[in-house]
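Numbering (the numbering used here), first residue to last: 2 to 403.
The C-beta atom is built at its ideal place from N, Cα and C for all residues, glycine as well.
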Amino acid sequence: MSATVSPMLPTFARAPLAFERGEGVWLFDSDGERYLDFGSGVAVNSLGHLHPHLVAALSAQAHKLWHTSNLYHIPEGERLAQRLVDSTFADYVFFTNSGAEALECAIKTARKFHASHGHPERFHIITFEGAFHGRTLATIAAGGQQKYIDGFGPKVAGFDQVPFGDHEALKAAIGPQTAAILIEPIQGEGGVRSVPPYCLRGLRALCDEHGLLLIFDEVQTGVGRTGKFFAHEHSGVAPDIMAIAKGIGGGFPMGACLTTHAAGEGMTPGSHGSTFGGNPLAMAVGNAVLDIVLAPGFFDHVAKMGLLLKQRLAELKDLHPKIIAEIRGEGLLMGLKLHVPNTDFTTQARLHKLLTIPAGDNVVRLLPPLIISEDELADGFTRLDAACTSLEQTLLQKELTV
2 MSATVSPMLP TFARAPLAFE RGEGVWLFDS DGERYLDFGS GVAVNSLGHL
52 HPHLVAALSA QAHKLWHTSN LYHIPEGERL AQRLVDSTFA DYVFFTNSGA
102 EALECAIKTA RKFHASHGHP ERFHIITFEG AFHGRTLATI AAGGQQKYID
152 GFGPKVAGFD QVPFGDHEAL KAAIGPQTAA ILIEPIQGEG GVRSVPPYCL
202 RGLRALCDEH GLLLIFDEVQ TGVGRTGKFF AHEHSGVAPD IMAIAKGIGG
252 GFPMGACLTT HAAGEGMTPG SHGSTFGGNP LAMAVGNAVL DIVLAPGFFD
302 HVAKMGLLLK QRLAELKDLH PKIIAEIRGE GLLMGLKLHV PNTDFTTQAR
352 LHKLLTIPAG DNVVRLLPPL IISEDELADG FTRLDAACTS LEQTLLQKEL
402 TV
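And the structure:
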């Protein structure tokens, strides 16, 4: 990589690496070196790189029509929305360009629901410590992490955060201004911390008891990542509103906010909008993604690969107890809680041509494409094992020099 000063705003601490092309679960850098992708662009490349069905769909649409705006009907958008409705709890879909925009729509929908029923004072949303919901002013307030809030002026009002897993604090936070509860079924950025199914069922009951809306953030956990279409399906409960993104576009920027008839009835013409959201290019890719993930057997494959990955990671922990403290996650959203700095681990994995993603709570995320094979998982295990061995050698050298 060039050592010259980049004209890019320096908001990312990028690794000294650039890729030129991808194929399946592999990425190739500018020198032709091949890397096994266990990051999937942070859970985005759900079907890997250069998937022929996605390439064909995007190419065909690119030769027909790119953009018209939402002033007109977009037939492929109607089709994609109907497929999402048919496969989920939802009755309505609003398409966005990102997960943060999907969360903004979810937040606005919850507030507008209560306002349309004569209770505009009910605009507070309860969220959870360790959450990550995006980088807009509203979503950093919802996430509540001070490192993302500092320096951007007054925190957006209306978000009441409670400790993760503290049921009594949650109940105490509900008041006359409370509109909804917002939660990720598995905290991704927060350290791959799963919410047990019984807790999600408890949240559903609590919302029903107090007339609150239940919002799920499935931006990272959705579209097959955990072996179900959406992670909340493992619990047997459904939300009133859900934000999705990442995997639904397979690498093309898109997201969506899904809602029931009742929760979405306040979102009337003019109440929300997007210039680019749901454009023909995105809709063509989204439909192509659903062609693959909704095909018979696809989620079974993800669940099988997820179980195999979890078993191999348990083996890895036994082999390297000085490096790995805990295995977390579900399906192909797995996390390694570490005894060493997670940045050291991601660097060492990269030296062994394996891409991983750091997360909060000193965790490294493993997010391979959902199409990964058993042989490719075995290759990933070999590289993880080598990274752990290298870190152990570094620890030993430090001990010897003390």
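Check	Outcome
Contacts around K311, its chain only, beta-carbon distance under 8 angstroms, and the 5 residues preceding and following it disregarded	I328, G330 and M335
For E327: DSSP bridge partner residues	K338
Alpha carbon of G78 to alpha carbon of C258, nearest angstrom	13 angstroms
Continuous beta strand (DSSP E) stretch holding I75: start and end	From DSSP, I75 is part of no beta strand (DSSP E); its letter is neither H nor E.
Own chain partners of R194 with C-beta closer than 6 angstroms, once the 5 adjacent residues on each side are dropped	Q188
Identity of the residue in N343, H353, S374 and A180 nearest A360 by Cα	N343
Through-space distance from K318 to G216, alpha-carbon basis	One detail in the question is off: residue 216 reads as Ile in this sequence, not Gly. Looking at the two C-alpha atoms, the distance is approximately 35 angstroms.
Coil, strand or helix - I216 by DSSP	strand
Local Cβ density within 10 Å of A44, reported as buried at 16 or more and exposed below that	buried
Cβ-based burial, P369 [other Cβ within 10 Å; buried from 16]	buried
Straight-line gap, V341 to I325 (C-alpha atoms, nearest Å)	8 angstroms
Cβ separation of P281 and I127, assumed to be a contact under 8 angstroms, to the nearest whole Å	Wrong, their Cβ atoms sit about 38 angstroms apart, outside the cutoff.
For E169, the nearest candidate out of H321, L204, T69 and L183 (CA to CA)	L204
Three-state secondary structure assigned by DSSP to S3	Interpretation of S3 is limited by its pLDDT of 49, a score under 50 that renders its predicted location unreliable; the figure taken from the coordinates is listed afterwards. Looking at S3 - three-state DSSP - the assignment turns out to be coil, as it is neither helix nor strand.
As assigned by DSSP and simplified to three states, the class of D301	helix
Rounded separation between N98 and D167 - CA only	33 angstroms
Meets three-Cβ-pair contact criterion under 8 angstroms: the stretch 15–30 and the stretch 365–381	yes
Buried or exposed (CB count within 10 angstroms, at least 16 for buried), S3	Because S3 carries a pLDDT of 49, less than 50, the predicted location of this residue cannot be relied on, and the following value inherits that uncertainty. Exposed: under 16 other Cβ atoms inside 10 Å.
Residue interval of the beta strand (DSSP E) (run including E21)	F20 to E24
Counterpart residues of R35 in DSSP-defined beta bridges	F29
Where the alpha helix (DSSP H) through P198 begins and ends	P198 to H211
Limits of the beta strand (DSSP E) - the one that R123 falls within	Neither: R123 is in no beta strand (DSSP E) and is coded neither H nor E.
Integer-rounded CB distance, given that G228 should sit under 8 angstroms from G307	5 angstroms
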